[in-house]
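S.K.: Following UniProt numbering, the numbering of the sequence shown begins with 1 at its first residue and continues without gaps. All C-beta atoms, glycine included, are put in the ideal place defined by N, C-alpha and C.
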Amino acid sequence: MGLEAARRALRVTASPSWEPLTEPPFVASFTPTANIAVGGETPWGVAAELTRPLPGTTAATYGADDAQTAGGASGLVERVLADAAGRRIVAVVRDVHRHPWMAAALDALLAARTESVVVEMGVPQAPPAGALHIATHGAARVCGRAAAEVVSGEATGR
Numbered sequence: 001m002g003l004e005a006a007r008r009a010l011r012v013t014a015s016p017s018w019e020p021l022t023e024p025p026f027v028a029s030f031t032p033t034a035n036i037a038v039g040g041e042t043p044w045g046v047a048a049e050l051t052r053p054l055p056g057t058t059a060a061t062y063g064a065d066d067a068q069t070a071g072g073a074s075g076l077v078e079r080v081l082a083d084a085a086g087r088r089i090v091a092v093v094r095d096v097h098r099h100p101w102m103a104a105a106l107d108a109l110l111a112a113r114t115e116s117v118v119v120e121m122g123v124p125q126a127p128p129a130g131a132l133h134i135a136t137h138g139a140a141r142v143c144g145r146a147a148a149e150v151v152s153g154e155a156t157g158r
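1. In chain order, what residues of the same chain have a beta carbon less than 8 Å from the beta carbon of P124, not counting five sequence neighbours either side?
2. Taking Cβ to Cβ, would you say A139 is nearer than 9 Å to G153?
3. Just confirm the distance between the C-beta atoms of A14 and A146, as a whole number of angstroms; I'd bet it's less than 8 Å.
4. Tell me whether R158 is buried or exposed, calling it buried when 16 or more other Cβ atoms sit within 10 Å of its Cβ.
5. Taking contact to mean at least 3 C-beta pairs separated by less than 8 Å, is the stretch 45-52 in contact with the stretch 100-114?
6. Comparing alpha-carbon positions, which option in R87, A60, V46 lies nearest T22?
7. Kindly indicate which residue of A129, V46, A60 has the alpha-carbon position closest to the one of A85.
8. Between the C-alpha atoms of V92 and S29, what's the straight-line distance to the nearest angstrom?
9. Report the three-state DSSP secondary structure of H137 (helix, strand or coil).
10. Can you give the Cα-Cα distance for A155 and H99, rounded to whole angstroms?
11. Using DSSP bridges, identify the partner residues of L132.
12. Which one or two residues does DSSP pair with S74 in a beta bridge?
13. Taking the alpha-carbon positions, what's the V77 to G2 distance?
14. Out of A9, E4, H133, R141, which has the shortest C-alpha to C-alpha gap to V90?
15. Starting from A48, trace the alpha helix (DSSP H) both ways and give me its first and last residue.
16. Measuring from the CB of R11, is there a heavy atom of the ligand GTP at a distance below 8 Å?
17. Express the C-alpha separation of P55 and V46 in angstroms, rounding to a whole number.
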């Protein structure tokens, strides 16, 4: 998939007050266990792509085991908020409709930080959520780049 195709595939839903990020965010990637078709080494997400327009972007990955260790969604979100250290949060999910722990964590995060950005990679099924919701319709690295352009304002020239 080329970058132009990835850009055309995006479905972007923004609140009226949404403005592109100008400061480096914290990217919280909620990651399902990789299946054999995808493999654990396949790069996906927006963290690497956001470091170009927003140097200093930091990131962490959270999985079902992290949610269980934290005592559920609220405990996991407390950890995400601590890791973010006050930065804007870009939450990255993949196939959120298939993973109850991920959906619960995303809901709890958005309740705590309504200004958060949601990048939904993979097969989008969830209704738009967050101050900015980007459905990429894929999880290839090029999809992450197209989403990062929207988050940083590069796609609109702002």
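M.R.: So, from the listed chains and residues:
1. One-based indexing of the sequence shown puts residue 124 at position 124. Closer than 8 Å at Cβ, skipping near neighbours: R11, A135, T136, H137.
2. Position 139 of the sequence shown, counting from 1, holds the residue named residue 139. Position 153 of the sequence shown, counting from 1, holds the residue named residue 153. The Cβ-Cβ distance between A139 and G153 does not fall below 9 Å.
3. Counted from its first residue, the sequence shown places residue 14 at position 14. Counted from its first residue, the sequence shown places residue 146 at position 146. At roughly 15 Å, the Cβ-Cβ gap does not stay under 8 Å, so A14 and A146 are not in contact.
4. Mapped onto the sequence shown, residue 158 falls at position 158. Below a pLDDT of 50, predicted positions are generally treated as unreliable, and R158, at 44, falls in that range; the measurement from the model is reported next regardless. Answer is exposed; the Cβ neighbour count stays below 16.
5. no
6. Reading the sequence shown from its first residue, position 22 is the one you call residue 22. Here the closest residue by C-alpha is R87.
7. In the sequence shown, counting from the first residue as 1, residue 85 sits at position 85. Comparing Cα positions, the closest option is A60.
8. Position 92 of the sequence shown, counting from 1, holds the residue named residue 92. Position 29 of the sequence shown, counting from 1, holds the residue named residue 29. For V92 and S29, the distance between alpha carbons rounds to 5 Å.
9. Residue mapping note: residue 137 aligns to position 137 of the sequence shown, counting from 1. Coil.
10. Numbered from its first residue, the sequence shown carries residue 155 at position 155. Numbered from its first residue, the sequence shown carries residue 99 at position 99. Taking the straight line joining both Cα atoms gives about 30 Å.
11. Here residue 132 is taken as the residue at index 132 of the sequence shown, counted from 1. In the DSSP assignment, the residues bridged to L132 are A14, V117.
12. Here residue 74 refers to the residue found at position 74 when the sequence shown is read from its first residue. Paired residue(s): none; S74 is not in a bridge.
13. Locating residue 77 in the sequence shown gives position 77, counting from the first residue. Locating residue 2 in the sequence shown gives position 2, counting from the first residue. Cα-Cα distance, rounded: 34 Å.
14. Your numbering for residue 90 matches position 90 in the sequence shown. When each option's Cα is compared against that of V90, the closest is H133.
15. Within the sequence shown, residue 48 is the residue found at index 48, counting from 1. 47-50 is the extent of the alpha helix (DSSP H) around A48.
16. Ligands displayed in this structure: none; no statement on the ligand GTP is therefore possible.
17. Taking the first residue of the sequence shown as position 1, residue 46 is located at position 46. Taking the first residue of the sequence shown as position 1, residue 55 is located at position 55. Near 13 Å, if we compare the C-alpha coordinates of P55 and V46.
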